[in-house]
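Student: Structure provided below as structure tokens; questions to follow.
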Amino acid sequence: MGRTLVIGDIHGGLRAVHQIMERAQVTREDQLIFLGDYVDGWSESPQVIDFLMDLGQKQNCIFIKGNHDELLLDWLEGHTENFNEKMWFMHGGEATVLAYEKIAVETKKKHIQFLKALQNYHHDDQNRLFIHAGFTNMNGIRFEHFPKLFYWDRTLWETALSLDERLDPKSWLYPKRLTLYDEIYIGHTPVTRIGFTTPVQKACVWNVDTGAAFKGPLTVMDVDSKQFWQSEPLHELYFNEKGRN
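The working numbering runs 2 ahead of the 1-based position in the sequence shown.
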């Protein structure tokens, strides 16, 4: 039996992906769960998608949808009326657009199919939830009225962060959302915002976005042992680029 490994937000940093795969000594027996945001930030977003598509042919991979992945899909399909393109450029989209100038039309079509096939979440048989951002419905993912919140929500993480650790989970004051799943693995909101560059657990929520889009490393974590491996900080791997800094 291989391990179940969860990977945080990549944001176009293929060099970091290669590092964590090597440092974690990933084998084809391992299940890999990618939490989304494969693009926008560093210069290799198309190459990241190529790598993931190839990897998915070789072993058990689960690819979760991130908000930046949807933005790229909209742009590739010409649906820029769906979002603020100027804002997207400011948050990593410009590097992605520049990178795609060198990509063939046929490859872009394959990337569109990959992006369309991304999952909103993965809920396993051990009651662990893997999701890019979160959910808002108090009864859980299957009752969410607005699927976009699976990859845009920040309130789940904010709730976990603000929770008084002394509060009994059986108390009526305890947030119901944090009682539904044994563990929830998210990305989306970098833990560098609260001064960390390693995975952070609050209540049942594990945040594995360690700031790879900015000046943090990329992280892969064994969900059973909680051991994790990290790349070098991305701004050191792409020393002549700005990323999202």
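Each residue gets a CB set at the ideal place from its N, CA and C atoms; glycine is no exception.
According to DSSP, Phe-65 sits in a beta bridge with which residue or residues?
Tutor: Phe-36
Student: If I follow the unbroken beta strand (DSSP E) through Phe-152, where does it start and stop?
Tutor: Per DSSP, Phe-152 belongs to no beta strand (DSSP E) and is neither H nor E.
Student: Report yes if the CB atom of Gly-35 is closer than 7 Å to the CB atom of Ile-12, and no otherwise.
Tutor: It should be noted that the sequence gives Ile, not Gly, for residue 35. Taking 7 Å as the Cβ cut-off, Ile-35 and Ile-12 do not qualify as a contacting pair.
Student: Kindly provide the ranges of any beta strand (DSSP E) runs that are 3 or more residues long and lie completely inside the stretch 123-197, ordered along the chain.
Tutor: 123-125, 130-133 and 185-188
Student: Measure from the alpha carbon of Tyr-187 to the alpha carbon of each residue in Asn-247, His-125 and Glu-167, then state which is nearest.
Tutor: His-125
Student: Mind checking who Phe-230 pairs with in its DSSP beta bridge?
Tutor: Met-223
Student: Taking Cβ positions, are Lys-204 and Ala-135 nearer each other than 7 Å?
Tutor: No.
Student: In its own chain, which residues sit with a C-beta less than 7 Å from the C-beta of Ala-214, not counting the 5 before and 5 after it?
Tutor: Gly-10, Asp-11, Ile-12, His-13, Gly-15, Ala-18, Leu-220 and Leu-236
Student: Would you decide whether Ser-173 is buried or exposed? Buried here means 16 or more other CB atoms lie within 10 Å of its CB.
Tutor: Ser-173 should be labelled exposed.
Student: Can you give me the C-alpha to C-alpha distance between Lys-67 and Leu-169, rounded to a whole angstrom?
Tutor: 33 Å
Student: Please state the DSSP three-state secondary structure of Trp-44.
Tutor: coil
Student: Let me check one thing: in DSSP terms, what residues is Leu-7 bridge-paired to?
Tutor: Leu-34 and Asp-224
Student: Between the stretch 145-153 and the stretch 175-184, are three or more C-beta pairs nearer than 8 Å?
Tutor: no
Student: Hey, Thr-212 and Gln-232 are a contact pair by Cβ (cut 8 Å); roughly how many whole angstroms apart?
Tutor: 7 Å
Student: With DSSP collapsed to three states, give me the class of Val-107.
Tutor: helix
Student: For Gln-121, which three-state DSSP category applies?
Tutor: strand
Student: For the beta strand (DSSP E) containing Val-19, list its first residue and its last residue.
Tutor: Val-19 -> not in any beta strand (DSSP E); alpha helix (DSSP H) instead, spanning 16-25.
Student: Mind checking Glu-46: buried by the 16 CB within 10 Å criterion, or exposed?
Tutor: Buried, by the Cβ-count rule.
Student: Whose CA, out of Glu-72, His-113 and Phe-116, lies closest to the CA of Gly-95?
Tutor: Closest option to Gly-95, Cα to Cα, is Glu-72.
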